[in-house]
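Residue numbers (the working numbering): 2 to 196.
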Amino acid sequence: MRIAVLALQGAFLEHEMLLNKLGVDCFEVRQLKDWQQEKDGLIIPGGESTTQGKLLRELGLLDPIREAIEGGLPVFGTCAGLILLSQKVEGNSPAAPEPPRIGTMSMTAARNAYGRQLGSFHTEASFKGIEGNIPMTFIRAPYIAHASEDVEILATVDGRSVAARQNNQLVTSFHPELDMDTRVHEYFLKIVKAR
Ligand code: GLN
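And the structure:
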């Protein structure tokens with residue numbers, strides 16, 4: 002099994018370290034020729050969705066990635082990755098304009114929804130399909146404001162949806178790669194294996 006990790010900006014290294022810990026092979030995607038390698042899944046890290054979206058478009062990666070996901074490639078997006086996978090985004094601002102998007106998940110992300118400063122916090126909550134509570138680190142996090150029936154909500158914090166799955170696509174508002182807990186990544190790897 003080999004996982005592609007989008008490495009244009011943001012917390013990609015932490016995902017790679019976590020995959021290494023699980024003994025899973027991965028490689029970084031920085032340009033189109035990296036993307037053309039064989040892969041079984043894709044991780045889109047947290048960071049700044051406007052920057053990542055612009056780079057994806059400029060590097061010619063946006064359409065090939067969208068087509069691969071539409072073709073069934075498993076994808077896991079954390080935080081900015083959740084925004085990039087959402088069909089719609091609300092809460093854009095002049096400082097953080099609407100990012101170009103992959104837009105393959107039928108849902109609306111509310112961006113910077115917890116406010117600029119207050120958006121960073123740590124909690125624990127249950128996650129459907131995983132036993133026990135999961136540590137959740139939020140950093141200027143989005144949440145899922147609306148989702149179609151095809152989207153299964155997997156976790157909520159304070160009544161807000163913070164993790165979801167739509168077939169081959171998994172997203173979290175929080176950053177599982179920043180905690181030592183590997184269970185959300187293992188959940189994603191199960192989707193990859195089942196394909
Ligand atoms: N607020 C960021 C954005 O809009 C996401 C924050 C994150 O990925 N930690 O892209």
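Where a beta carbon is used, it is the ideal one built from N, C-alpha and C, also for glycine.
Please read all numbers here as calculations on a predicted model, not as lab measurements.
Margin query: Less than 9 Å between the C-beta atoms of A164 and A110, yes or no?
Written below: no
Self-check item: Nearest-angstrom Cα separation, counted from T138 out to L7
Solution: For L7 and T138, the distance between alpha carbons rounds to 20 Å.
Closer than 8 Å: S162 CB and nearest the ligand GLN heavy atom: No, the beta carbon of S162 sits no closer than 8 Å to any heavy atom of the ligand GLN.
Checklist line | T79 CB to nearest heavy atom of the ligand GLN below 8 Å | finding: yes
**Prompt:** Does the Cβ of I44 lie closer than 8 Å to at least one heavy atom of the ligand GLN?
**Reply:** Answer for I44: no, Cβ out of range of the ligand GLN.
- [ ] Give every residue of the same chain whose Cβ lies closer than 8 Å to the Cβ of G160, excluding the five residues on either side of it in the sequence, and list them in chain order.
- [x] So the list is empty, once near-sequence residues are dropped.
CB-CB length for S50 against P100, believed under 8 Å = So it is a contact: roughly 4 Å between Cβ atoms.
Residues near D151 in its chain [Cβ-Cβ closer than 7 Å; skip 5 each side]
For D151, same chain residues with a beta-carbon under 7 Å away, outside a window of 5 residues either side, are S107 and Q167 in chain order.
Span of the alpha helix (DSSP H) holding N21? F13 to K22
Open item on the list: I want to know whether the region 175-192 touches the region 87-104 - three or more CB-CB distances under 8 Å.
Closed with: no
H176 versus H123 - alpha carbon distance: 10 Å
Report the three-state DSSP secondary structure of A69 (helix, strand or coil). helix
### Query
Under the rule that 16 or more other beta-carbon atoms within 10 Å means buried, what is S162, buried or exposed?
buried
Who are D26's beta bridge partners in DSSP?
R3
Worksheet item: For the candidate residues L43, L83, G48 and A81, whose alpha-carbon lies nearest to that of E68?
Response: L43
Identify, in the order they occur along the chain, each residue of the same chain with its Cβ nearer than 7 Å to the Cβ of L74, setting aside the five sequence neighbours on each side.
G42, L43 and N169
In angstroms, rounded to a whole number, what distance separates the CA positions of E15 and I70? 23 Å
Would I131 and T79 be called neighbours here (beta carbons separated by less than 9 Å)? no
Proximity to V30 [Cα-Cα], best of G61, S121 and K194:
G61
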